[in-house]
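**Q** Once you know that position 227 of the sequence shown is 227 in UniProt numbering, the rest is easy, because the numbers rise by one and skip nothing.
Once you've had a glance at the structure underneath, I'll fire off some questions.
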Amino acid sequence: MAEGKNEQTGKLPPQNVEAEQSIIGGLLIDKDAIFKVADIILPSDFYRPEHGIIFDAMVDLFNSGNPIDLVTLSDHLQKKKQLKKIGGATYLTELANSTSSSAYIAKHAKIVAEKSALRRLINAATSIIEEGYDATEDAPSIIDKAESRLFSVIERSTKDKFVPIKDILGESIERINEIHENRGQLRGMPSGFKQLDNLTAGFQKSDLVVLAARPGMGKTALALNIASNIAVKNNIPVGLFSLEMSRDQLVDRLLTLQAGIDSWRLRTGNLQEDDFPRLNYAMGVLSEAPIYIDDSPLLTALDIRTKARRLQAEIGLGMIVVDYLQLMEGRRRGSDENRVQEVSDISRSLKGLARELNIPILAISQLSRAVEARTPKIPQLSDLRESGSIEQDADVVMFIYREDYYEPDTEKKGITQILVRKHRNGPTGDIELYFHPEYSRFGDIEKSV
């Protein structure tokens, strides 16, 4: 509700006083018009302070079940000692008399909301500039604040509203018909593993998929297999956020996966003659794959959101992989905030990002040591480390269990169980894959290499 020129530019901020006056006048002559604008604008969206005060009083009257007219509005403002501040009852009368209809009040409200968004953007940018020059904090902290300011503007401008169910039903019928016509085909993002895809119908848009296991089970390897299958076989862009491994380590794993070369030979340089053609082939395949890697350590949920939004705008993402969730920082780096609450906020943010970008997010998670205390050491949902809200926020929770890790002489040597223990919109169950740790490669049982 601030008025006046911008100190840096000397220009008046974006505003439309006529639209503001039309809204208030329309509300004074049409008692039902409040329903058309209440979810579009707030008192703070008005450029003229007096208009914001008046609209705030109108909302108070509406919320308390009182009618909105010249008499009730003047009385309410008088009781709050604000009537003189807005220009008195005379100004209210002028607004009512100058408005002939409320027919376009929603349109005018959208204009006011748009001008308000532009002013908030200018204010955020001005604050960012001032903090940059002031530099009393370190650069990462200032950048964090800048991103938060900008995203607060974006969030306010992109809130969804109620949609009539008849509109949704039309979209649903089209979606159901499409599924029926393409029955037998995956609805979601293919993992590349037949049994898993049959169980999940692929990873669905807006889903948060959690892949959890104890260290050494092959969490990163399976996530890279899935990312590779999506990007290489289907040419769908995948963003990889690696908080644990460097990009060089990830690329080495992808190369051994694609080439079928022993990872230890690759790391130590003890390559054999026939490894080089396969390595060259793998490099050619991966160079064409739309895989994008960010190995920045200590990322916050806001960092990932910022980078993912940017990548989505540039190339259009099909999926995001985060390795791994517990290595992410809380909202304020270095704060003493309870870690359980931090992880809860992180999982909730990842779920929100999946919905916002309308893509699946595969988040790797550690399990607590409670797994090691039981026999057999099969993971349970209660083992999700540091937060029960991971289970709550996730649409799908998958565990990795390798019997041969704990019992080397087992008959199930090389067989990995994928335990789908939560599936919000479908069945749960267990599937089996072969795992070749020397190649970081998983495969369907019938397609073992």
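The C-beta atom is built at its ideal place from N, Cα and C for all residues, glycine as well.
The structure displayed is predicted, hence computed values, not measured ones.
Count the other CB atoms within 10 Å of the CB of Arg332; is the residue buried (16 or more) or exposed (fewer)?
**A** Confidence in Arg332 is poor, its pLDDT being 49 and thus under 50, which makes the residue's placement unreliable; the coordinate value appears in the next sentence. So Arg332 ends up on the exposed side.
**Q** Distance check for Ala135 and Arg339, CA to CA, integer angstroms please.
**A** Rounded to the nearest angstrom, the two C-alpha atoms are 29 Å apart.
**Q** So who's on the other strand from His108, going by DSSP bridges?
**A** According to DSSP, which records beta bridges pairwise, His108 is partnered with nothing at all.
**Q** Using only CA atoms, which one of Ile346, Arg310, Ala313 lies nearest to Leu327?
**A** It is Ile346.
**Q** My output table needs one value for Gln15: the three-state DSSP class, helix, strand or coil.
**A** In the structure shown, Gln15 sits in coil (DSSP, three-state: anything other than H, G, I, E or B).
**Q** If you pair each beta-carbon of the stretch 416-434 with each one of the stretch 238-254, do three or more pairs fall below 8 Å?
**A** No, because fewer than three Cβ pairs between the stretch 416-434 and the stretch 238-254 fall closer than 8 Å, the two stretches do not touch.
**Q** What does the Cβ neighbour count give for Glu329, buried or exposed, with the cut at 16 atoms within 10 Å?
**A** It is buried - the Cβ of Glu329 has at least 16 other Cβ atoms within 10 Å.
**Q** Comparing alpha-carbon positions, which option in Gly188, Asp295, Lys205, Ser206 lies nearest Leu199?
**A** The shortest C-alpha separation from Leu199 is found at Gly188.
**Q** Output the distance between the C-alpha atoms of Thr256 and Gly284, rounded to the nearest integer angstrom.
**A** Computed Cα separation, rounded: 13 Å.
**Q** Considering only DSSP beta bridges, list what Gln417 is partnered with.
**A** BP columns for Gln417 point to Tyr401, Glu432.
**Q** Between Ala308 and Ile320, which are expected to be in contact by the criterion C-beta below 8 Å, what is the C-beta distance as a whole number of angstroms?
**A** The Cβ separation is near 6 Å, so the contact holds.
**Q** In angstroms, rounded to a whole number, what distance separates the CA positions of Met398 and Ala213?
**A** Each residue's Cα considered, the two are about 9 Å apart.
**Q** Do you know whose CA, among Glu174, Leu28, Asp323, Ser22, lies nearest Met58's CA?
**A** For the residues Glu174, Leu28, Asp323, Ser22, the minimum Cα distance to Met58 belongs to Leu28.
**Q** In terms of alpha-carbon separation, which member of Ile293, Glu438, Ala38 lies closest to Ile261?
**A** Here the closest residue by C-alpha is Glu438.
**Q** Just the C-alpha distance for Gly239 and Ile293, rounded to the nearest angstrom, thanks.
**A** The alpha-carbon atoms of Gly239 and Ile293 are separated by roughly 6 Å.
**Q** Just how far apart, CA to CA, sit Ile40 and Glu446?
**A** Using only the alpha carbons, I get a separation of about 56 Å.
**Q** Would you kindly work out how many angstroms separate the C-alpha atoms of Glu407 and Gln417, rounded to a whole number?
**A** Each residue's Cα considered, the two are about 14 Å apart.
**Q** Taking the alpha helix (DSSP H) that Val210 belongs to, which residues open and close that run?
**A** Here Val210 belongs to no alpha helix (DSSP H); instead the beta strand (DSSP E) covers 208-213.
**Q** Report yes if the C-beta distance between Ile165 and Pro190 is below 8 Å; otherwise report no.
**A** No; because the gap between Cβ atoms is not below 8 Å, this pair is not in contact.
**Q** Near Asp336, which residues of its chain fall below 7 Å by C-beta distance, leaving aside the five closest residues on each side in sequence?
**A** In this prediction, Asp336 scores a pLDDT of 43, lower than 50, which makes its location untrustworthy; the coordinate-derived value is nonetheless stated afterwards. Around Asp336: no qualifying Cβ.
**Q** Just the Cα atoms here: how many angstroms apart are Val232 and Pro290?
**A** Those two C-alpha atoms are separated by around 8 Å.
**Q** So, helix, strand or coil for Ser296, using DSSP?
**A** Three-state DSSP puts Ser296 in coil, outside helix and strand.
**Q** Assuming Ile111 contacts Asn16 (C-beta within less than 8 Å), just tell me the rounded distance between them.
**A** Confirmed, about 5 Å.
**Q** Going straight from the alpha carbon of Thr90 to that of Ser74, what length do you get?
**A** Each residue's alpha carbon lies about 10 Å from the other.
**Q** Can the beta-carbon of Asp444 be found closer than 8 Å to that of Phe203?
**A** No; because the gap between Cβ atoms is not below 8 Å, this pair is not in contact.
**Q** I'd like to confirm the pairing. Which residues does DSSP put opposite Ala363 in its beta bridges?
**A** DSSP, once it has assigned bridges, lists Val210, Val322 as partnering Ala363.
**Q** Looking at the strands, I want to know which residues DSSP matches up with Gly218.
**A** Answer is none; Gly218 lacks a bridge partner.
**Q** Note down, in chain order, each residue of its chain lying with its Cβ closer than 7 Å to the Cβ of residue 461, except the 5 sequence neighbours on either side.
**A** This structure cannot settle anything about residue 461, because the visible part of the chain is limited to 1 through 449.
**Q** What are the residues that DSSP puts in a beta bridge with Asp444?
**A** Answer is Leu433.
**Q** Give the secondary structure of Gly239 by DSSP, where H, G and I count as helix, E and B as strand, and everything else as coil.
**A** It is a strand residue.
**Q** Within this structure, are the beta carbons of Pro13 and Arg119 separated by less than 8 Å?
**A** Yes, Cβ-Cβ distance for Pro13 and Arg119 is below 8 Å.
**Q** CA-CA distance, Ser263 and Ile142?
**A** Looking at the two C-alpha atoms, the distance is approximately 41 Å.
**Q** Tell me where the alpha helix (DSSP H) around Asp249 begins and ends.
**A** Before going on, a small fix: residue 249 reads as Gln here, not Asp. 247-259 is the span of the alpha helix (DSSP H), which, as asked, contains Gln249.
**Q** Following the continuous alpha helix (DSSP H) through Leu199, name the residue where it begins and the one where it ends.
**A** From DSSP, the alpha helix (DSSP H) with Leu199 extends over 194-200.
**Q** Return the Cβ separation of Gln258 and Ser228 in integer angstroms, given the expectation that the two are a contact with Cβ distance under 8 Å.
**A** Confirmed, Cβ separation roughly 7 Å.
**Q** Could you compute how far the alpha carbon of Asn270 sits from the alpha carbon of Glu372?
**A** Those two C-alpha atoms are separated by around 36 Å.
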